[in-house]
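The block underneath contains the structure these notes are about, expressed in structure tokens.
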Amino acid sequence: MAPPKHSLQLGEAPFGEEIDWEPRRLVMPGPWAGHLPFAFWLVKAARPRLLVELGTHSGNSFSAFCQSIEATRAPTRAFAVDTWQGDEHAGHYGEEIFTDLKAFIEGHYGGFATLLRLTFDEAVSHFMPQSVDVLHIDGMHSYEAVKHDYLTWLDMLSDRAVVLFHDTQVRERGFGVWKLWQELSAEHPSFEFTHSNGLGVLGVGKNLPPEVMAFFESAKDEKAAWNTRALFAARGRPFELATQIMALRQENARLEGYHHHLEAELAAVKGHLEGTQALLAGAQEQLASAQEQLASAQEEQQRQAAEARGRIEEERRQQGALERAVAEGKAEAERLTQAIAERDAILAETRRQRAELTRMVEDLHRSTSWRVTRPLRVTGRLVKRYLADRRPRLAAAPAEIAHPAIAQPAPAEAPPLHNAALRDATRSMMMSRLDAFLNSGTTLRLPRAREPDVSIILVLYNQAEMTYSCLASIRECLEHSPVSIETIILDNDSRDKTHALLDRIEGAEIIKNDSNLHFLRGVNAAAARATGRHILLLNNDAQLTPGALEAAVRTLDEDSTVGAVGGRIILPDGLLQEAGSIIWADGSCLGYGRGRRPDDAEFMFQRDVDYCSGAFLLTPRALFERMGRLDEAYVPAYYEETDYCVRVWKENLRVVYNPKVVIHHFEFASSGKVGDALQLQERNLQTFRDRHAEWLARQQPPHTDNILRARQHRSARPRLLFIEDQVPKSWLGSGFPRAAEILRELHAQGVQVTLYPTAGQPESWPEVWKALPLEIEIVLPHAEGVELRDFLARRRDSFDGVFVTRPHNMERLRKLLDREPGLLGAAKLIYDAEALFAKREILKKALEGAPLSPAAQRKLVQEELALARDCDLVLSVSEAERGVMTENGIRNVRVLGHMVETDPTSSPFDTRTDILFLGAIHADDSPNADSVRWFAREVLPELRALLGDEDVRLKVAGLVRAPSIQAMDGDSLQLIGPVGALKPVFEKARLVVAPTRFAAGIPHKAHQAAAFGVPMVTTELIASQLGWTSGEELLASSEAGAFARHCHAAYTSAELWSGLRDKALIRVAKDCSAASFAATLLEITHLIGEARKP
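Shown next as structure tokens:
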């Protein structure tokens, strides 16, 4: 038998015919295509029992794995995990990608391959520990993200496991796979391919298949490793080139479509020209006729001079009109001729580009790899013509004057888009969009209500292309919005295509001036026509985003103390223009956050500000009218919205920045001269100073050191830094629901809170805003690389109090303070000890059969209590633990339990069937994991026997990450995962169990169960922590048999069930009252209020 086409012997592992297979599926994008031969070989060599791919996209790699599984008859189950929505590295894409891949996989490999449409963190619970033989990680490519994915799935890997990492050679755009690869490849057998963006192969298992181990051994021989890389690179190159050809053909088809579009436009222009030429011919005929009439009139004049004189004058007037018509016709013909020439030039350029792309495709078909690079370079040059330089801009907004202590002076009217390419490309794109609309013959209909919530005011002067994009965004965002609108457009005698555009607008009130009133007077004139509850000042070079106006209206409607609302204004380069603005003591202004990323944490919380830009400013119409609209002392422009916001503050109303309000602002300069603009700014700055001198005297002086303090309008609210593991969400359990209640109550009491999560978990802003009030500032160290020490140093003297949760966080802070005692400034230190975690450790050791001696127990308790030394206030969850702290010399200890409002479920006893456990289970050594294991192994068998039902299972509500608990799902347990709304779950529950054997503090889940009116069976530990009595508010035992009998009694006796329910409801209302919870936190508010610095 002839040897395979490619055969390379490496120890025991040959590369055979599999690397010459043709892939059954090959689609864009193409970076993985170069590694398909290795995918074929790996499946053959490893013969995995379970293969999991994290990040599948269009499916080149997963399809190759499946093809090899089928061809080699490997005993493999294959799973592809992805949301099929994309991300910032892969780009976002539509549903068609998933639909196409799903049809292919189910049609070819449905017997052993499955697509899981989940996040990677969600999917891990679907697999048993130590079960995955091949894991391919190709999701988000930042260092933190790929490390998180690897560590999350590490326990799922078998002792034969091989892990693949794609893009190990990419170091731009925030990719960090290379960094993790450097770390891991030093710890395990490894091999890295450098072609096709790089592929790292990691041998994690201790008992790797022989052929795979031989493959890794080859990496130790430099020559053999080089040969291996060369072989697979050469075999994969045609597949990679094939995907590049697909991409080029797709681009070619796009250009052909654009070519056809231009040809259609050219035909329309030629038709227009022919019509104009016909009009010109008609005018010339009329002129000839008029001249004949004139000659006849002259002959008549000789006979009747007096009568003819009047006729001659009339004929001369007609002749002048006709001659002007001829001249205008000629001018129009010349303009259209020029337009045709320009269109012909564009068409010629398009044809040239099309020809260039055609040549590139032909080159790819017949050229070797070194020649392929030339057309690719040419393509790069073509594309780069349309790319903008994304350097941050430094020019101040028209209403801002840069202060020497803050920035270098900038011309007040310098073109805001300094990058000419970006400016021109943006204008060209918008002009093309406008022209397409005007040539379409259609109209743009805006929503219009009889009794609108908002009157949108647009003042125009030229820039028709901007106006069209603005109006289109209004329709797109508000056509189906619950916020009703009317749109009032005032045109200041524009000279461009604005009139043609306005003739095609329906649903708006349009005012056309015969002179330029400028922005300020234009707004006031348009406002006189408004009928909405609120007025929105919106620039015509701005575009709304979905939800922006709705968020602004909610801010006004839900708080009568708010007088104006603005939001995040994002420039074309993707950076901020402002996130609210600062007015300095000298009247100069600063757009907060200008040139920064718009989703940085410090711009993502709601706050009171000095003023917001008139690019988007929402205000109640009644207030706008009562204050006399915009002050015309600032005519024609500059400082009018700044002045308006100051007058709002003087009315004892607030100007609010809301991060959910987002607009895009193109900030194109008007046609005014720079010198004139500077003079206007200086004049109006002086007017502003004169009118508001007393108000300005209380503002911060202009300096970079004052920006952080000045970003929020002066306030007497105490400022608190809250240090917690992560953003507290109720479904996390483990004390986070209580932390969330503390934050909400402190905010309700007027405290200005900044939350610093130490664990650095990635967060989603919509989820954060759902969990906590929008006014709380959330610092995200994970996203911004801000270490706690650096953050404290940067914000020194910014806080009146520092609130620390959990012993490990206080221990971390103590170490920092030991090195830098002044790091907190004058801030009061509050420690939420919550519970004595040492007691939990003592109980845990006893259960494990390794009890601590009395001396060791005392030492453990004293070490934890030492963290509370010198704190200004210490919080504990129970009187018992407060007593322990006091006995050990801790001062100022207050009890702060849980805040739970009773909300009893209404389902009758007979309709309920579930036995429920509530709580997150993060790890196998956690109290909750021990609780559930003990119940399932020791209690449940006896309970099943008592009930005579072997199908009884414990329903577990909450996040479960512990492998031992996941393994019980379906047998003893029913894991339902995190639950947003708990009450429907408790409506079905007849009994709640809390079989906790080691813990500290007070269990929040017990209070929740009692508040929902579901009886509990607990261990004696939980009963003692609650201070409740078995047989009264609950049933309690720490012995498995007695625990099962208690469950049976409460589950089968309606009378006992009702008695336990009623008494527990009374007790939880007393122990967890909102009033006592608020009163304790009010002490903190007063404590830090006393330290408040003005």
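Residue numbers (our numbering): 22 to 1115.
Where is the CB? At the ideal position from N, CA and C, for every residue including glycine.
Contacting residues, own chain, Cβ-Cβ under 6 Å from residue i (five flanking each side not counted)
| i | result |
| --- | --- |
| lysine 671 | none |
| histidine 919 | Arg759, His1025, His1028 and Cys1093 |
| arginine 617 | Leu597 |
| arginine 982 | His943 |
| threonine 1039 | Ala1015, Leu1055 and Ala1057 |
N-terminal and C-terminal residue of the beta strand (DSSP E) that residue i is part of
| i | result |
| --- | --- |
| leucine 9 | Residue numbering for the chain in the displayed model covers 22 to 1115; residue 9 lies beyond these limits and cannot be assessed. |
| aspartate 180 | 178-187 |
| tyrosine 678 | 675-686 |
| aspartate 512 | 506-512 |
| leucine 3 | No answer is possible for residue 3: the residues shown for the chain start at 22 and end at 1115. |
| aspartate 154 | 153-158 |
| glycine 612 | 610-612 |
| arginine 740 | 740-745 |
Span separating the alpha-carbon of residue i from that of residue j
| i | j | result |
| --- | --- | --- |
| histidine 768 | valine 823 | 15 Å |
| glycine 1001 | leucine 937 | 16 Å |
| threonine 779 | tyrosine 164 | 18 Å |
| glutamine 707 | proline 680 | 32 Å |
| leucine 830 | arginine 1018 | Checking the displayed sequence, the identity of residue 830 turns out to be asparagine instead of leucine. If you take the alpha carbons of asparagine 830 and arginine 1018, they lie about 25 Å apart. |
| leucine 888 | proline 150 | 38 Å |
| phenylalanine 956 | isoleucine 1043 | 15 Å |
| leucine 1056 | leucine 753 | 27 Å |
| glutamate 39 | arginine 194 | 35 Å |
| glycine 296 | aspartate 524 | 22 Å |
| phenylalanine 133 | asparagine 949 | 36 Å |
| tyrosine 114 | alanine 166 | 20 Å |
| leucine 147 | asparagine 483 | Per the sequence presented here, residue 147 reads as histidine, with leucine not at that position. Using only the alpha carbons, I get a separation of about 60 Å. |
| leucine 1086 | glycine 528 | 57 Å |
| aspartate 972 | alanine 1061 | 19 Å |
| histidine 539 | valine 656 | 8 Å |
| proline 44 | glutamate 213 | 22 Å |
| alanine 263 | glycine 160 | 23 Å |
| arginine 454 | serine 490 | 8 Å |
Beta-carbon proximity list for residue i, same chain, < 7 Å, skipping 5 on both sides
| i | result |
| --- | --- |
| glutamate 884 | none |
| alanine 760 | Glu745, Pro749 and Thr826 |
| asparagine 727 | Gln721 |
| serine 390 | Per-residue confidence for serine 390 stands at a pLDDT of 33, beneath the threshold of 50, marking its modelled position as unreliable; the derived number appears in the next sentence. Here the set comprises Arg258. |
Nearest to residue i (by Cα), restricted to the options the options
| i | options | result |
| --- | --- | --- |
| leucine 63 | Gly76, Ala950, Arg974 and Arg181 | Arg181 |
| valine 145 | Glu530, Arg256, Leu72 and Glu165 | Leu72 |
| valine 914 | Phe125, Pro210, Leu896 and Ala658 | Leu896 |
| proline 503 | Arg469, Ser82 and His1107 | Arg469 |
| methionine 625 | Glu798, Ala698 and Val586 | Glu798 |
| proline 641 | Asp562, Ala551 and Val682 | Ala551 |
| arginine 46 | Trp105, Ala124, Val102 and Thr97 | Ala124 |
| alanine 606 | Thr566, Arg719 and Leu639 | Arg719 |
| valine 1089 | Leu1047, Asn534, Gln265 and Gln627 | Leu1047 |
| alanine 547 | Glu261, Asp512 and Lys1004 | Asp512 |
| valine 953 | Leu639, Ala978, Ser179 and Gly969 | Ala978 |
| aspartate 818 | Arg890, Arg740, Ser755 and Arg765 | Arg740 |
| leucine 559 | Arg575, Val682, Phe757 and Leu939 | Val682 |
The alpha helix (DSSP H) enclosing residue i, as first and last residue numbers
| i | result |
| --- | --- |
| aspartate 1083 | 1075-1092 |
| asparagine 830 | 828-840 |
| proline 1005 | 1004-1008 |
| leucine 967 | 961-968 |
| cysteine 892 | Element bounds for cysteine 892: n/a, residue is neither H nor E. |
| serine 602 | That residue, serine 602, is in no alpha helix (DSSP H); its beta strand (DSSP E) goes 602-604. |
| threonine 926 | No alpha helix (DSSP H) contains threonine 926, which DSSP labels as neither H nor E. |
Contacting residues, own chain, Cβ-Cβ under 8 Å from residue i (five flanking each side not counted)
| i | result |
| --- | --- |
| alanine 1070 | Leu1056 and Leu1077 |
| serine 928 | Glu1008 and Lys1009 |
| leucine 1108 | Gly822, Lys849, Ile851, Asp893 and Leu894 |
- Item | Complete alpha helix (DSSP H) runs within the segment 192-235 (minimum length 4 residues, chain order) | Entirely contained in the segment 192-235, the alpha helix (DSSP H) runs reaching 4 residues are, in chain order, 198-206.
- Task: Scan the segment 462-531 and note each continuous alpha helix (DSSP H) run of 4 residues or more that stays entirely inside, going in chain order.
- Result: If only complete runs of 4 or more residues are kept, the segment 462-531 shows the alpha helix (DSSP H) at 485-499 and 519-523, in order along the chain.
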